[in-house]
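One structure is given below, encoded as structure tokens.
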Amino acid sequence: MTSAKHKARLRQLAPWIVPLLVLAGWQVGSDLGLIRNDVLPSPLSVFAAGWGLLRSGELLRNVEVSAWRAVVGFAVGGGIGFVLGVANGLSRLSEQLLDSTLQMVRNIPHLALIPLVILWFGIGEEAKLFLVALGVFFPIYVNTMHGVRSVDAQLIEMAHAYGMSNWELIRRVVMPGALPSIFVGIRYGLGITWLTLIVAETISATSGIGYMAMNAREFMLVNVVVFSILIYAALGKLADSTARLLERACLAWNPTYRGS
């Protein structure tokens, strides 16, 4: 029993071993003068800068703004991508009408549209939300459609044999079978969300973590810039961990995810 507990604790600690070793090596390199402070400040300097931002309230304000943009943009883009993914996965006619156009748009780098988006929406919240929604849309759309198309045809035939209605078929057979692919799209889309925000908030922004980093750059506060990047990484990890917990909860019936 004790051995099982130790193994469980080791599994919980394992993901943190490499980050802690990197931080330790980074601090040692800074202390020995191998890493210049004007290029990459030491972790202690970075965390001291973060503590100052936290005490002043600036950090929480900017994190709140960035989190709001991420949630709203993800909800809009992900919601539309999910609906179209299900529609095109279920209907050949819908796929023929929409998929070719969507695939052409997908191959346009959404961050390359920034100048055009600014012309369309200005420099307000709409531009940032549009970019996030556009970036999130395609991972969720493609993976949702793939998941729907990958459902075992024999299960669908069996459902028809039991007299299930189309709605029951979608709810009880298609969606559970498509969930693994949908969650792949969600996790990938969450990464795109923060990647897009990093860029969008450094261009014509007046708030957010990206704005905080750019403002610090103007005053050569490299430790604040590095801290801002670490905050993006932490928020991305938090979002991914939340998605994984939801994935395990929704797919507890699937042996592949049970106990993972």
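Under this note's numbering, read the sequence shown as residues 11 to 270, first letter to last. Glycine included, every Cβ here is placed at the ideal spot set by N, Cα and C.
- For secondary structure counted as the alpha helix (DSSP H) over 4 or more consecutive residues, the region 38-85 holds these complete runs in sequence order: 53-66.
- DSSP, reduced to helix, strand and coil, places Gly89 within a helical segment of the structure shown.
- Looking at the backbone, the Cα of Arg21 and that of Ile166 are separated by about 39 Å.
- Fewer than three beta-carbon pairs drawn from the region 182-200 and the region 58-78 are found closer than 8 Å, and the two stretches are therefore not classed as touching.
- Contiguous alpha helix (DSSP H) elements confined to the region 152-237 occur at 163-171, 176-179, 185-210 and 219-228, taking only those with 4 or more residues.
- The beta-carbon distance between Ile124 and Ile213, rounded to whole angstroms, is 6 Å. This is short enough to meet the 8 Å contact definition.
- A distance below 6 Å between beta-carbons, with the five flanking residues on each side excluded, links Met155 to the following residues of its chain, in chain order: Gly95, Asn98 and Gly99.
- Under the criterion of beta carbons closer than 8 Å, Asn233 and Ser55 qualify as touching, at roughly 5 Å.
- Here the region 218-232 does not lie against the region 101-108, with fewer than 3 beta-carbon pairs under 8 Å apart.
- Spanning the alpha carbons of Gly60 and Leu33 requires a straight line of approximately 16 Å.
- The region 247-257 makes contact with the region 197-205, as at least three CB pairs between them are under 8 Å.
- In the pairwise beta carbon analysis, the region 114-128 is classified as not touching the region 171-180: fewer than three pairs are separated by under 8 Å.
- Taking a 10 Å sphere around the C-beta of Pro119, we find fewer than 16 other C-beta atoms and assign the residue as exposed.
- Its Cα nearest to that of Leu144, the residue Val115 stands out among Gly157, Val115 and Glu135.
- In the same chain as Glu135, and ignoring 5 residues on each side of it, the C-beta atoms closer than 8 Å to its own belong to Arg79, in chain order.
- Distances from the CA of Leu205 to each of Pro149, Tyr242, Asp250 and Gly218 were compared; the closest alpha carbon is that of Tyr242.
- Burial state of Lys138 is buried, judged by a 10 Å Cβ sphere holding 16 or more other Cβ atoms.
- A straight line joining the alpha-carbon of Gly157 with that of Ala188 spans about 4 Å.
- Taking Ile133 as reference, the option from Leu42, Ala85, Ser217 and Ala223 with the minimal CA-CA separation is Ser217.
- Residue burial annotation: Glu211 is buried, with at least 16 other C-beta atoms found within 10 angstroms of its C-beta.
- Between Ile150 and Gly91, the C-beta spacing is below 8 Å.
- In terms of Cα proximity to Asn72, the closest of Ala215, Val236 and Phe193 is Ala215.
- In the three-state DSSP reduction, Ala262 falls in the coil class, being neither helix nor strand.
- Shortest Cα-Cα distance from Asp48 to any of Ala259, Ala262, Val236 and Trp130 involves Val236.
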